[in-house]
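A short worksheet on the structure shown next.
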């Protein structure tokens, strides 16, 4: 009996083919992976280049935006400056218009005064009169026993010589004449209309003992005083009553002399304040006497300002009457 060889389903050759096929597949897979990695690397590099380009463009956009913002800021600043200049010009135009109106009023008043003077001149030419010279007279103040004397002087522009910008010599002359009326005074002080002390700061805003050298120093200080005050003596009057008057000193006999030419406020409030600071006793007498000397510079220099000169005269007349003094108007100025 012939013995048969066993039949195998998978021979060695078949297995070799299968292995070779799998190897080929694996090799193709490996090769395919390598080519994909290269493509990915190229894609990544391209994306990085695109990102760099976009970042560069973004930087440029930001730079342009900042430039535009700076330009817009400068434009806003220029617009604001132009607006402020426009407002300043409008204010300047308004001030000029007011000045023109004031000048027109002054011009009309001047023309009216010239017309009145012409009429007066024509009348005088028809009936000539004998004009006698009037000699200059000293200040006719009523003399009262005073131990303390205060001068309140208006040092505004209307009380100064326009060429030298110093106080009018006639003002210093009237101060000297007033001092001559009180040779026995013990203490003196000088304030401007704003309440500032005219004498040296070494006085420490207190009384200065009266002496010939003190009176000379007062005349020099007033003549050379360079601080311009307001045309309103009220602050100086109230300052003198508050700072220099001592109600606890029975021996003090204080006298205030006001030198000025204008007043721009209202008289009622001033009279009330002075009445509170210098009250009258049961006999109607007040501890401080207030007198005044008026100069007609406001009326002579500008007719539009004559109203302030009249208000000053009315206030001083009432104030000096209530406080036991006198108001003297200087006419030979």
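In the working numbering, the protein residues as written are 343 to 675. Using N, Cα and C, we set each Cβ at its ideal position, and we do this for glycine too. The structure displayed is predicted, hence computed values, not measured ones.
Exposed unless 16 or more other CB atoms sit within 10 angstroms - verdict on residue 516:
Classification of residue 516: buried, given that the 10 Å Cβ count is 16 or more.
Spatial neighbours of residue 430 in its chain, beta-carbon cut-off 6 Å, leaving aside the 5 residues before and after
Here the set comprises nothing.
What is the rounded straight-line gap between the Cα of residue 508 and the Cα of residue 499?
Rounded to whole angstroms, residue 508 to residue 499 spans 9 Å at the Cα level.
Buried or exposed, going by whether 16 or more other CB atoms sit within 10 Å of the CB of residue 604?
Residue environment for residue 604: buried (at least 16 other C-beta atoms within 10 angstroms of its C-beta).
Look up residue 533 in the DSSP assignment and say whether it is helix, strand or coil.
Three-state DSSP puts residue 533 in a strand.
Three-state class that DSSP yields for residue 478 in the structure shown:
Residue confidence for residue 478 is low, a pLDDT of 47 falling below 50, so the modelled location carries little weight and cannot support an answer.
Start and end residues, beta strand (DSSP E) containing residue 611
Residue 611: not part of any beta strand (DSSP E); member of the alpha helix (DSSP H) spanning 609–619, first to last residue.
Please report the distance separating the alpha-carbon of residue 650 from that of residue 419.
For the pair residue 650 and residue 419, the Cα-to-Cα distance works out to about 46 Å.
Which of helix, strand or coil DSSP assigns to residue 671:
For residue 671, the secondary structure class from DSSP, reduced to helix, strand or coil, is strand.
On the CB-based measure, 16 or more other CB atoms within 10 Å of its CB, does residue 633 come out buried or exposed?
Looking at its Cβ environment, which holds 16 or more other Cβ atoms inside 10 Å, residue 633 is buried.
Looking at the secondary structure, which residues open and close the alpha helix (DSSP H) in which residue 560 lies?
Counting along the chain, the alpha helix (DSSP H) containing residue 560 begins and ends at 554–566.
In this structure, how does DSSP classify residue 538 when only helix, strand and coil are distinguished?
The three-state reading of DSSP puts residue 538 in coil, since its state is none of H, G, I, E or B.
Just the Cα atoms here: how many angstroms apart are residue 528 and residue 459?
Answer to the nearest angstrom: the Cα atoms are 49 Å apart.
8 Å Cβ shell around residue 513 - same chain, five flanking residues per side excluded:
Close CB contacts of residue 513 within its chain, under the 8 Å cut and outside five residues either way in sequence, are with 495, 501, 564, 601 and 637 (chain order).
Contact defined as beta carbons within less than 8 Å: I believe residue 538 pairs with residue 569. What is the distance between those atoms, to the nearest angstrom?
About 6 Å separates the two Cβ atoms, so the contact holds.
If you drop the 5 nearest sequence neighbours on each side, which residues of the same chain put their C-beta closer than 6 Å to that of residue 619?
The answer, listed in chain order, is 583.
Look at the alpha carbon of residue 477 and the alpha carbon of residue 673, and state the distance between them as a whole number of angstroms.
Residue confidence is low: residue 477 scores 44 on pLDDT, short of 50, so the model does not pin down where it sits. No coordinate-derived value is stated.
Of the residues 397, 541 and 404, which one's Cα is nearest the Cα of residue 567?
Across the set 397, 541 and 404, the C-alpha of 541 shows the shortest separation from the C-alpha of residue 567.
Considering only the alpha carbon of each residue, which of 592, 614, 590 and 447 lies closest to residue 580?
The option with the nearest alpha carbon to residue 580 is 614.
Identify whether residue 494 lies in helix, strand or coil by the three-state DSSP scheme.
Under the three-state reduction of DSSP output, residue 494 falls in the strand class.
Three-way DSSP call (helix, strand, coil) for residue 602 in this model:
Residue 602 falls in the strand class under three-state DSSP.
Quick one: what's got a C-beta closer than 7 Å to residue 645's C-beta in the same chain, skipping five residues either side?
Legend: pLDDT at residue 645 = 47, less than 50; position of this residue unreliable, no value from coordinates given.
I think residue 596 touches residue 490, with their Cβ atoms under 8 Å apart; what is that distance to the nearest whole Å?
Contact between residue 596 and residue 490 is confirmed by a C-beta separation of about 4 Å, below the 8 Å threshold.
Looking at the structure shown, is residue 569 part of a helix, part of a strand, or coil, going by DSSP?
Three-state DSSP puts residue 569 in coil, outside helix and strand.
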